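Under the working numbering, the sequence shown has 977 at position 8, and the numbering climbs by one with no breaks.
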Amino acid sequence: MQTKQRIDEIESALKSEGDQYLDFLANKEKIERILELQEKKDVLILGHNYMIPLVYQLSGQQYRGDSLGLSREAAKAKNQIILFNGVVFMAETAKILNPEKKVLISDLEAGCSLADPFRAKDVLEYKARFPRIPVVTYINSYADVKAETDYCCTSANALKVVEHAAKEFGVDRVIFLPDSFMGKNIEDEFNLEGKKIDVIYPGKYDKNFGRCEVHEKFTLEMIIDIRKQFNMPKNATSTAVLAHWECRSEVLREADFYGSTTGMGRYLKAHPELKKAYLATECEMAANLASEFPNIEFVRACSIFCQHMRKITLDKILHGLENEVYEVFVEESIRRKALVSIERMLALK
Ligand code: SF4
């Protein structure tokens, strides 16, 4: 698609978004330059839902989303260069799926509080402690962890993958790493559905703990307060509180809907009667969805941002593309092993 057409698309998406539009006007030349380079160098730009709006808009509609959707797009990529606007574990996943391509991220220090502390040795310890139990690892992990894992999963398919792993191994226990809140939420969900699967997550039988530093900030008190302040009672038809799987279980119980970021978008689409929504997830998500759902007022009483995602800026993207630097590499023997766990996930429809 021509640069001019993309610029027009971005402009019309942000036109009614006040500050975002002013930001667009102030950075228009930079955005044009990035899109020209994208065209000239045949770059696929993937953008996670938590990117700041101007970075998010650099990716066409089909190439924005959550880790699962972006992994699928990365797997289909025909372009010689993939630029991943997200954090390093996501760019690594794209590299695992596309070893012959150049995968760039504009800041190699863009980490994640879930991925950073858990490495391959931790997986091996769980395996030694719970032999013959399948290991499902959340996509928020590095390649060495995925290499020691039976299945990879994302928040969009975790329930399905955990259930499938237990069935394939013929057991009723699954090791789920590294998110403690999500592990508990998965187990709660199985209990609600009457399924008996013991989910072994960090903190359940040990003193480990894995958490997203963004989602752990959302508390039950906060959600109750939002409901009162913005007149959003539970189960109302015109308002909804949506929470991400990585939040605490009591936050999920209080929400009208919980799921992945893509699940949240689908929920909003499926409920055209909604007038107001609050999203208990990284605050850029509401800013990014606002242009897609102009009829919904998104409660922006939110200042919870991911410091890692915020490392990805237009300036760094431009520098990275101009010079083709900040390339992501994965050691081949690790890549091949990690690929198995990702492909098993992608094979599940
Ligand atoms: S939002 Fe949480 S899980 Fe996502 S990259 Fe940031 S710290 Fe990691």
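All residues carry an ideal CB built from backbone N, CA and C; glycine is no exception. Values in this document were obtained by computation on a predicted structure and should not be read as measured data.
Give me, in chain order, the residues of the same chain whose beta-carbon lies closer than 8 angstroms to that of residue i; leave out the 5 immediate sequence neighbours on both sides.
i, result
"E1137", "P1103"
"R1088", "Y1111, D1113 and V1114"
"E1156", "I1166, D1167, V1168 and Y1170"
"K984", "Y990"
"V1294", "L1073 and H1288"
"E1301", "P1068"
Give the straight-line distance between the Cα atoms of residue i and residue j, rounded to the nearest whole angstrom.
i, j, result
"Q1031", "D977", "17 angstroms"
"E1005", "I1014", "12 angstroms"
"G1034", "I979", "16 angstroms"
"P1022", "Y1120", "32 angstroms"
"Y1095", "P1068", "29 angstroms"
"L1227", "M1233", "According to the sequence displayed, residue 1227 carries Tyr and not Leu. Taking the straight line from one Cα to the other gives about 7 angstroms."
"P1100", "A1079", "34 angstroms"
"P1202", "W1214", "21 angstroms"
"Y1107", "A1316", "16 angstroms"
"E1132", "G1163", "13 angstroms"
"P1241", "N1018", "21 angstroms"
"Y1174", "Q971", "55 angstroms"
"L1161", "K1071", "44 angstroms"
"K1318", "A995", "43 angstroms"
"L1052", "A1249", "28 angstroms"
"V1105", "D1085", "17 angstroms"
"M1254", "S1229", "11 angstroms"
"V1130", "K997", "42 angstroms"
"A1134", "D1091", "20 angstroms"
"E1182", "R1217", "11 angstroms"
"A1321", "A1097", "Since the first and last residues shown for the chain are 970 and 1318, residue 1321 lies out of range."
"V1309", "V1143", "18 angstroms"
"F1187", "D1225", "15 angstroms"
"D1284", "V1012", "17 angstroms"
What distance in whole Å lies between the Cβ atoms of residue j and residue i, which are believed to be in contact at a cut-off of 8 angstroms?
i, j, result
"K1244", "E1266", "6 angstroms"
"A982", "S1260", "4 angstroms"
"L1037", "T1118", "In fact, because the Cβ distance is near 16 angstroms, the residues do not count as touching under 8 angstroms."
"L1287", "K1010", "Not really, about 12 angstroms apart at Cβ, beyond 8 angstroms."
"L1189", "A1246", "Going by Cβ atoms, the distance from L1189 to A1246 rounds to 19 angstroms, so no, they are not a contact pair."
"I1281", "D1076", "6 angstroms"
"I1050", "L1027", "Actually they are not in contact, since the Cβ atoms of I1050 and L1027 sit about 14 angstroms apart, beyond 8 angstroms."
"F1199", "L1237", "The pair is not a contact, with the Cβ atoms about 16 angstroms apart (cut-off 8 angstroms)."
"L1128", "N1109", "Not a contact, Cβ separation roughly 16 angstroms."
"V1268", "I1193", "Contact doesn't hold; Cβ gap of about 14 angstroms is too wide."
"A1125", "T1231", "5 angstroms"
Closer than 7 angstroms by C-beta to residue i: which residues in its own chain qualify, once you throw out the five before and the five after it? Chain order, please.
i, result
"E1112", "Going by the sequence as given, residue 1112 is Ala instead of Glu. If we look at A1112 and ignore the five residues flanking it on each side, its Cβ neighbours are E1061, I1065, V1299, I1303, R1304 and A1307."
"E1008", "T972"
"N1257", "N1018, P1022 and Y1025"
Who are the near neighbours of residue i in its chain, counting only those whose CB is closer than 6 angstroms to its CB and skipping five residues on each side?
i, result
"C1252", "C1271, I1273 and F1274"
"G1172", "S1149 and F1178"
"I1000", "none"
"S1040", "T1062"
"F1159", "I1166"
"R975", "L1004"
"N1054", "G1016, M1020, V1024 and I1281"
"H1393", "There is simply no residue 1393 to check, as the chain begins at 970 and stops at 1318 in what is shown."
"R1313", "Y1120"
**Asked** How do the region 1143–1156 and the region 1211–1221 stand: do at least 3 beta-carbon pairs fall below 8 angstroms, yes or no?
**Response** Touching, yes, given that three or more Cβ pairs across the two stretches are closer than 8 angstroms.
**Request:** Name all residues in chain order for which at least one heavy atom of the ligand SF4 lies closer than 7 angstroms to the residue's CB.
**Result:** With the cut-off at 7 angstroms, the residues found are Y1019, V1056, C1081, S1082, L1083, A1084, N1109, C1181, E1182, V1183, H1184, E1215, E1251, C1275, H1277 and M1278.
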